[in-house]
Structures are given as C-alpha cells and as structure tokens.
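Protein chains in written order, with this note's numbering: chain A, 1 to 273; chain B, 274 to 546. Virtual Cβ for every residue (Gly too), placed ideally from N, Cα, C. The structure presented is a predicted model; accordingly, all values stated were derived computationally and were not measured.
Number of protein chains: 2
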Amino acid sequence: MTKVAFLGPAGTFSEVAVNSFGLGEVESLLCTTIPEVFESVERGKADLGVVPIENSIEGSVAATLDALAFDTSLEIQRELVLDIRFSLVASPGTSLADVREVVAHPQAGGQCRRWLERHLPGRPVVAANSNAEAVETAVATPNAAAIGPALAAEIYGAEVLEEGIQDYAGNQTRFVLVGRGIQAPTGHDKTSLALFMKRDKPGALLMILSEFAYADINLTKIQSRPTKRQLGDYMFFVDLEGHIEDPAVRLALDCLRLKLREVKVLGSYPNAR
Amino acid sequence: MTKVAFLGPAGTFSEVAVNSFGLGEVESLLCTTIPEVFESVERGKADLGVVPIENSIEGSVAATLDALAFDTSLEIQRELVLDIRFSLVASPGTSLADVREVVAHPQAGGQCRRWLERHLPGRPVVAANSNAEAVETAVATPNAAAIGPALAAEIYGAEVLEEGIQDYAGNQTRFVLVGRGIQAPTGHDKTSLALFMKRDKPGALLMILSEFAYADINLTKIQSRPTKRQLGDYMFFVDLEGHIEDPAVRLALDCLRLKLREVKVLGSYPNAR
C-alpha cells in the first residue's frame with residue numbers, strides 16, 4: 001500500500017487532494033507543517049507527499065516553493081487543481097434553525113462570511129485550528145455547526161446541512177504530489193524550474209526569456225523571489241510547457257546552465273489544465 | 274485627524290504597521306477583509322488604508338494584488354517592511370510555570386510550534402480568530418497565555434512573558450499605505466505596475482523586459498498571474514526602481530501603452546529598502 005504524507009488532521013482539503021490523485025488504496029501519514037511532509041518522504045517514512053502550492057485567493061504557498069527550491073531532493077510527480085468548496089455540517093438531526101454557533105478555521109470563516117451573515121446572522125464564529133478540528137468540535141457540541149470539506153463530515157460522523165457556502169466562486173488550490181525521480185513524458189507535460197541568478201547581472205531575466213523564445217517554449221508562470229541565502233540575491237520560479245526530455249527544453253536548459261548559478265528542475269509532469 | 278482603515282481587531286500586526294508608518298495621531302477604522310479596507314477609503318469613510326501585500330513565509334497576498342490591479346482607483350502611497358515578532362503574553366502576575374493552555378491564531382501557533390514544544394510541552398493550543406482575539410481571550414482565562422504582537426498585550430492589559438518566540442528569524446511582512454494620487458518623487462522611489470497582455474502574444478514579456486532594459490530600469494519584482502476575467506488571459510505585476518515622472522520610466526511606459534492591452538500604475542513611492 002502506498003504511504004502518503006500530507007497536512008493533517010484527517011478530513012482537510014489536503015486529504016481531499018490525496019483522494020483525488022487516484023493513488024489507489026493509501027496509508028496516511030499526517031503532518032503538521034509543509035517541511036515535515038517533505039522530510040517524511042525524504043527519510044522514507046512515506047512514499048509520496050501531497051502539498052498545496054498555489055491558491056487562487058491567497059496566492060503562492062511560499063513554504064512549498066522554498067522547500068522545492070532550497071531544501072529537498074524530491075521532485076513534483078503530478079499536479080491537481082482542486083475546487084475549494086465549503087459545507088456547513090453538524091451532528092445528525094441538527095437543522096439550520098437549531099444552530100447557535102459556528103466553528104471554523106479563521107480562513108474558512110472569512111471565505112464564508114457573507115453566507116453566514118445572510119443565513120446565520122448574529123451567531124458567534126468560534127475559531128478552530130483546522131477545518132477538520134472545526135467539524136470534530138461541532139459534532140461534539142449541541143447546537144453547533146462547522147465549516148469544512150464534505151469529506152470531514154463523512155469522517156467525523158456529521159451531516160451536511162448546506163453545500164458550497166463559500167462567498168466567491170472560483171476558489172481553487174493547486175496541489176502537487178512529490179516523490180523521487182522525474183516522470184516519463186506523456187506528450188502534454190509541464191516543467192517547473194528554480195533558476196538561481198549570478199549576482200549583479202541585471203539583464204539575466206531578459207536572456208532567460210530569449211533562450212526559451214528561441215526554443216519556441218511557452219512559459220505559463222514566472223515569479224521572482226529573494227533567495228534568503230544572501231541579501232540582494234534573486235531567483236525565479238518558472239513553469240513551462242514541455243518535458244525536460246524534449247530536445248527544445250533540453251537545449252534551453254543546457255544554455256541556461258552555462259550562464260546561471262544553478263538551474264534546478266523541480267519536476268516534469270502531466271499538465272492538469 | 275487622519276482616519277485609517279485596516280484589518281482589525283485592535284492590536285493586530287496591521288495596527289502595528291499603521292503605527293509604524295508615523296502618520297501622527299490617527300483614528301482607526303477596523304475592517305474584516307482586505308476589499309473592505311479599499312472600499313472604505315474609496316467611499317470616503319477613511320482617508321488612507323493599510324494592507325499587507327507580501328510575507329516572507331506565506332508569499333504574496335493575492336487579495337491585495339487583485340484589489341490594486343482590478344478593483345480600485347487608489348494608489349500605493351508608501352511601503353513598510355515589518356518584522357513579525359510574536360510574544361507570549363498573559364494576564365499580569367502569570368508566570369510561564371502557571372500556563373496550562375495557549376490561545377493562538379492557527380498561523381501564529383504554527384509559526385511558534387517549536388518554541389511551544391520546548392517551553393510549554395503538552396499544553397493544548399486553543400484556536401482564536403485573530404492574534405488580538407487570542408490575547409483578549411487569554412487575559413480573561415486563568416492560567417492561559419496567548420501568542421500575539423506586544424502591542425496587543427498593551428491594548429488588552431496583558432503582560433509579556435517572553436518576546437520573539439517565533440521559530441524562524443526573518444519573518445517579515447510588507448505593508449502598503451493606499452490612498453488617492455501619486456506621491457511626488459523623492460529620488461529613491463519605486464513604481465509598481467500591473468501589465469495586462471493582449472491575447473496570444475507569447476513574446477510579450479520578452480518585449481516588456483527589453484523596453485525596461487533599453488531604458489536602464491532595474492526591475493525588483495516580476496510575477497505572472499491569470500487575470501480571472503477571461504481564461505488564458507495573463508498579466509504581470511512588476512516593481513521597478515524609479516518614479517513614473519522620471520523621463521526613462523515615462524518613456525518605457527509610453528512604449529508599453531502602445532502595445533499592451535493596459536498599463537495600470539499601482540503607485541510610485543519611496544523605496545523602503
């Protein structure tokens with residue numbers, strides 16, 4: 001059975017992502033931080049890890065990008081875009097009219113604020129440390145409801161009172177599956193790179209883009225970030241269409257390796273879009 | 274007196290940022306979301322707004338970037354880089370040995386996890402909706418301590434038991450002051466732009482960088498982002514060294530305006546570094 005490390009407790013959106021990757025029967029290793037997910041796989045405590053990398057409202061997950069760029073030898077194996085849909089859940093038999101308080105992780109509560117104002121005005125929103133803890137607490141509390149993924153309701157024996165209560169449609173999180181080695185090409189792949197600049201080379205990004213343009217490679221994401229190692233040092237995260245075994249991608253990377261301080265391949269994997 | 278809108282409640286890091294901007298005596302308008310901060314200033318309920326735009330661990334604050342790019346006519350007036358330092362605080366007379374539980378916003382608790390494991394092992398960490406709520410709750414609870422900014426201790430009548438308990442040094446958040454109009458040049462300014470591409474122009478970023486390179490303008494940040502308005506549409510957030518009244522910057526922007534769908538100036542303001 002495949003052992004998968006991800007952010008716990010059971011019933012979080014990370015677990016929804018694990019299930020959505022279709023890995024067959026899996027054994028869960030619940031972690032409390034993103035670096036712990038990477039460490040668990042590196043030390044062989046788990047075969048694979050699942051981490052969030054980007055949310056449409058919150059932005060990039062810097063802890064994941066930094067772990068991939070600086071700390072880990074693992075590579076991205078696959079990606080998955082998950083719709084973040086919140087449900088209002090409560091212990092079986094509870095109706096919306098019974099609800100006297102709502103338990104929610106502050107971020108989840110914030111993303112359902114307008115729905116709560118309209119349907120449960122004046123009910124206090126009590127904080128929880130995770131979506132799963134919110135559901136677990138509400139199930140044990142009379143006349144309480146929680147905001148969480150429908151999966152958490154299932155796990156903790158709660159009932160879904162209302163589905164899709166988030167205020168904004170289009171709230172999506174991109175998760176990546178991390179493990180050892182590069183996936184074989186599928187014909188519709190993308191490659192993620194961390195490009196480390198030499199110091200005081202202001203034209204470096206222009207040169208990088210020229211190399212990709214010359215090789216007819218489309219970039220789908222580019223983001224600069226300080227390296228943290230040395231003040232003034234910069235690096236770029238780049239996603240491109242293609243696989244590192246494609247001759248064009250290989251050529252561009254070979255040219256870049258001659259000029260940059262470091263070219264780190266974070267993974268070549270099937271494009272989810 | 275200047276009225277300033279920011280993310281409440283009183284005693285959050287946003288209020289620490291407001292105080293650090295040195296605006297003299299200010300009246301606070303506490304908001305619950307980032308869009309509400311922008312709306313309050315646009316509708317004249319406040320003169321200025323303060324919002325987080327980037328954290329060294331969490332990454333960019335997408336809600337702020339999106340508000341600046343898509344929704345608001347306000348501009349960035351100034352920026353400020355704040356060290357995020359957490360304190361352990363409790364009601365006066367409480368010592369570390371008395372503490373039986375810790376109240377914390379989940380994010381703050383996560384950033385002080387190792388310190389808690391070392392100094393308060395086994396004590397449950399109870400969730401709060403904000404750093405300020407954590408401090409307020411702990412002050413009212415016997416043998417409880419909270420994680421929060423030292424400012425919150427002052428506001429809610431708590432005492433600081435320990436300062437700087439975050440696990441990672443170098444946790445910083447960049448805040449921006451938003452209001453109407455562009456600041457006059459100071460000689461050490463930066464300019465933030467949102468650049469909207471025309472569709473199906475893969476060489477656009479290369480052209481953009483060439484324009485800036487030709488004008489000898491240094492870019493300090495570049496980040497791509499889907500526009501949300503139309504699938505496949507991309508835009509870039511760019512920070513550059515210089516003021517939009519500098520002839521070189523003006524030239525580059527005039528050239529870009531001829532070719533791009535839109536060039537939106539998010540502000541020209543003194544560089545905090």
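- Relative to valine 249/A, the option among Tyr269/A, Leu266/A, Asp216/A whose CA is nearest is Asp216/A.
- Listed by position along chain B, the residues whose Cβ is nearer than 9 Å to that of leucine 206/A are Leu479, Leu482, Ser483, Phe485, Ala486.
- Interface annotation, isoleucine 34/A: not in contact with chain B, CB-CB separation never under 7 Å.
- Within a 10 Å sphere around the beta-carbon of leucine 369/B sit fewer than 16 other beta-carbons, which makes this residue exposed.
- For glutamate 315/B, DSSP assigns no beta-bridge partner whatsoever.
- Flagged as an interface residue toward chain A: lysine 494/B, by a C-beta distance shorter than 7 Å.
- For isoleucine 349/B, the beta-bridge partners assigned by DSSP are Val451/B.
- Rounded to the nearest angstrom, the gap between the Cα atoms of phenylalanine 509/B and isoleucine 495/B is 7 Å.
- Using a CB distance cut-off of 7 Å, glutamate 514/B does not count as an interface residue toward chain A.
- For isoleucine 155/A, the nearest beta carbon of chain B is not closer than 7 Å to its own beta carbon.
- One Cα belongs to leucine 74/A, the other to glycine 382/B, and the distance between them is close to 27 Å.
- Along the length of the stretch 88 to 176 of chain A, whole alpha helix (DSSP H) runs at least 4 residues long occupy 106 to 111, 113 to 119, 131 to 139, 150 to 155, reported in chain order.
- The beta-carbon separation of serine 360/B and proline 282/B, rounded to 17 Å, does not stay under the 8 Å limit for a contact.
- When secondary structure is reduced to three states using DSSP, methionine 470/B falls in the coil class, being assigned neither helix nor strand.
- Contacts between arginine 386/B and chain A, judged by CB atoms closer than 8 Å, involve Thr32, Thr33 in chain order.
- Put simply, the CB of serine 541/B is far from chain A, with every gap to its CB atoms at 7 Å or more.
- Within chain A, no C-beta atom comes less than 9 Å from the C-beta of proline 365/B; the nearest is roughly 25 Å away.
- Using a Cβ-Cβ cut-off of 7 Å, isoleucine 57/A counts as an interface residue toward chain B, since at least one Cβ of chain B sits closer than that to its own.
- Less than 7 Å divides the Cβ of glutamine 445/B from the Cβ of aspartate 356/B.
- Annotation: arginine 225/A is outside any alpha helix (DSSP H); the continuous beta strand (DSSP E) that includes it extends over 219 to 226.
- Remark: C-beta atoms of arginine 78/A and tyrosine 214/A do not approach each other more closely than 7 Å.
- Interface annotation, glycine 281/B: not in contact with chain A, CB-CB separation never under 7 Å.
- Per DSSP, valine 334/B is not a residue of any beta strand (DSSP E), being assigned neither H nor E.
- When DSSP reads this structure, proline 52/A sits in a beta bridge with Phe175/A.
- Within chain B, not a single residue places a beta-carbon under 8 Å from that of asparagine 271/A; the smallest gap is close to 14 Å.
- Pairing leucine 526/B with valine 536/B gives a Cβ-Cβ distance under 7 Å.
- Of all residues in the stretch 395 to 406 of chain B, only Val398, Val399, Ala400, Ala401, Asn402, Ser403, Glu406 place a beta-carbon less than 9 Å from a beta-carbon of chain A.
- The CB of asparagine 218/A comes closer than 7 Å to the CB of Pro475 in chain B, given here in chain order.
- Leucine 193/A and threonine 64/A have their C-alpha atoms some 13 Å from each other.
- Proximity of alanine 252/A to chain B, defined by a Cβ-Cβ separation below 7 Å, is not satisfied.
- A direct Cα-Cα distance of roughly 45 Å separates leucine 303/B from isoleucine 208/A.
- For alanine 335/B, a Cβ of chain A is located within less than 7 Å of the residue's own Cβ.
- Burial state of aspartate 71/A is exposed, judged by a 10 Å Cβ sphere holding fewer than 16 other Cβ atoms.
- Between the beta-carbon of valine 399/B and that of valine 376/B there is about 5 Å, and that keeps the pair under the 8 Å contact cut.
- For glycine 267/A, DSSP records a beta bridge to Ser192/A.
- Check the Cα spacing between proline 142/A and each of Leu258/A, Leu266/A, Ala158/A, Ala132/A: the tightest is with Ala158/A.
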